[in-house]
Amino acid sequence: GNSVTQMEGPVTLSEEAFLTINCTYTATGYPSLFWYVQYPGEGLQLLLKATKADDKGSNKGFEATYRKETTSFHLEKGSVQVSDSAVYFCALGGPSGGSYIPTFGRGTSLIVHP
Amino acid sequence: DAGVIQSPRHEVTEMGQEVTLRCKPISGHNSLFWYRQTMMRGLELLIYFNNNVPIDDSGMPEDRFSAKMPNASFSTLKIQPSEPRDSAVYFCASSSGTGQPQHFGDGTRLSIL
């Protein structure tokens, strides 16, 4: 079946540090890939997505590139802020009309210190 | 615009009681998802609907759980009878299309004593 594996957290960084959160997936065919962010006490929010190989999704300074050859979709940000502290979820699924069941990773907690 | 609205935000009840969680998706969205989140298992898809029809309920843990979507603007997740191991945060999400949940509610934190 389909699955998503994320690096375990927490990831602890100082403000303005470079962020990478690793994500790899297993799926047949060509799913779409997503990153979600969850702030304390809230639901998940869609952060960015990529629908085909070599696509780069980006939003709010975060970016991730769909790498089919390594089945990866690592999340990066050049300079993190305290307000980025949250839990980040990698997920795979389908575009509108697709047949993939949405599948989420376990989440990676990010803590950014001033 | 109103997002996905869930109620109640918190529920504390004794085991054996019936629990009903409610969700109002974003207007115009035709897919609705119910998820359960725990520290042990992470985020689990319980069931999802498309155009009010259940498409996949393989994640529903057992017969004590049931979900309905009587119309495009309302869904319920019911647990009867509830057990302590059902304690979790339950999220509802909706989207336009069948692929992926786009918008999540703030969740219902359920505690079964």
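Protein chains in written order, with the working numbering: chain A, 2 to 115; chain B, 2 to 114. Built from N, CA and C at the ideal position, the CB exists for glycine as well.
| message | Going by C-alpha to C-alpha distance, which of B:SER83, B:THR77, B:GLY60 sits closest to ALA68 (chain B)? | response | When C-alpha distances from ALA68 (chain B) are compared across B:SER83, B:THR77, B:GLY60, the shortest belongs to B:THR77.
Check: beta strand (DSSP E) containing ASN51 (chain B): first to last residue?
Finding: Start and end: 43-51.
Verify the CB distance criterion: does LEU33 (chain B) have a CB-CB separation below 9 Å to chain A? Not one beta carbon of chain A lies nearer than 9 Å to the beta carbon of LEU33 (chain B).
Quiz item: Hey, out of B:ILE80, B:GLY98, B:HIS104, whose CA is closest to GLN18 (chain B)'s CA?
Solution: Across the set B:ILE80, B:GLY98, B:HIS104, the C-alpha of B:ILE80 shows the shortest separation from the C-alpha of GLN18 (chain B).
Beta strand (DSSP E) containing ASN60 (chain A): first to last residue?
-> If you look at ASN60 (chain A), you'll find it in the beta strand (DSSP E) that goes 57-60.
key: For ASN51 (chain B) and ARG65 (chain B), the rounded distance between their alpha carbons   = Taken atom to atom, the span from the alpha-carbon of ARG65 (chain B) to that of ASN51 (chain B) is near 22 Å.
Note to self: Quick check on ASP87 (chain B) - is its C-beta less than 9 Å from some C-beta in chain A?
What the structure shows: For ASP87 (chain B), the nearest beta carbon of chain A is not closer than 9 Å to its own beta carbon.
| task | Keeping to the same chain, check which residues put their C-beta closer than 8 Å to that of SER97 (chain A); ignore five residues upstream and five downstream. | result | Since pLDDT at SER97 (chain A) reaches only 42, below the 50 mark, its modelled position is unreliable, and the value read off the structure follows with that caveat. Nothing meets the Cβ criterion.
Can you tell me the Cα-Cα spacing of SER74 (chain B) and PRO26 (chain B), whole angstroms?
-> Taking the straight line joining both Cα atoms gives about 6 Å.
### Whole-number beta carbon distance between PRO32 (chain A) and LEU93 (chain A), since they are thought to touch under 8 Å
About 4 Å; that satisfies the 8 Å criterion.
| request: Can you have a look at PRO103 (chain A) and say buried or exposed, based on whether 16 or more other CB atoms are within 10 angstroms of its CB? | output: That one is buried.
Problem - 7 Å Cβ shell around ALA89 (chain B) - same chain, five flanking residues per side excluded - result: Same-chain partners within the cutoff: ARG37, GLN38, THR39, LEU111.
* To do: Could you tell me which chain E residues have their CB closer than 8 Å to the CB of PRO103 (chain A), listed as they occur along the chain?
  => Within the model displayed, chain E is absent; protein chains A and B are what it includes.
Note to self: Alpha carbons only, please: which of B:PRO9, B:ALA94, B:THR109 is nearest the one belonging to LEU46 (chain B)?
What the structure shows: Selected option, being the one with the closest Cα: B:ALA94.
For VAL5 (chain A), tell me which candidate among B:VAL20, B:LEU44, B:THR109, B:PRO9 has the shortest Cα-Cα distance. Considering only B:VAL20, B:LEU44, B:THR109, B:PRO9, the residue with the shortest C-alpha distance to VAL5 (chain A) is B:LEU44.
How would you write the range of the beta strand (DSSP E) that GLN18 (chain B) sits in, first residue to last? Looking at the DSSP string, GLN18 (chain B) is not in any beta strand (DSSP E), and its letter there is neither H nor E.
Grab the span of the beta strand (DSSP E) containing THR13 (chain A) for me, first residue to last.
Segment 12-15, the beta strand (DSSP E) holding THR13 (chain A).
ARG87 (chain A) burial status per 10 Å Cβ neighbour count (16 or more: buried)
Checking the sequence, you will find Ala at residue 87 (chain A) rather than Arg. Residue environment analysis places ALA87 (chain A) among the buried positions, since at least 16 neighbouring C-beta atoms fall within 10 angstroms of its C-beta.
Excluding five sequence neighbours on each side, which residues of the same chain lie with their C-beta closer than 7 Å to the C-beta of LEU47 (chain A)? A distance below 7 Å between beta-carbons, with the five flanking residues on each side excluded, links LEU47 (chain A) to the following residues of its chain, in chain order: PHE35, TYR37.
Could you tell me which chain A residues have their CB closer than 9 Å to the CB of PHE105 (chain B), listed as they occur along the chain? Near PHE105 (chain B) (Cβ distances below 9 Å), the residues of chain A are TYR37, GLN39, GLU43, GLY44, LEU45, GLN46, LEU47.
Q) Could you give the residue range of the beta strand (DSSP E) that holds LEU76 (chain A)? A) Boundaries of the beta strand (DSSP E) harbouring LEU76 (chain A): 76-78, taken from the DSSP string.
_Let me make sure I understand the geometry here. Which of A:GLN82, A:ARG107, A:GLU70, A:GLU9 has the alpha-carbon closest to that of ARG63 (chain A)?_
Checking the sequence, you will find Phe at residue 63 (chain A) rather than Arg. Taking the Cα of PHE63 (chain A) as reference, the smallest distance to any Cα among A:GLN82, A:ARG107, A:GLU70, A:GLU9 is reached at A:GLN82.
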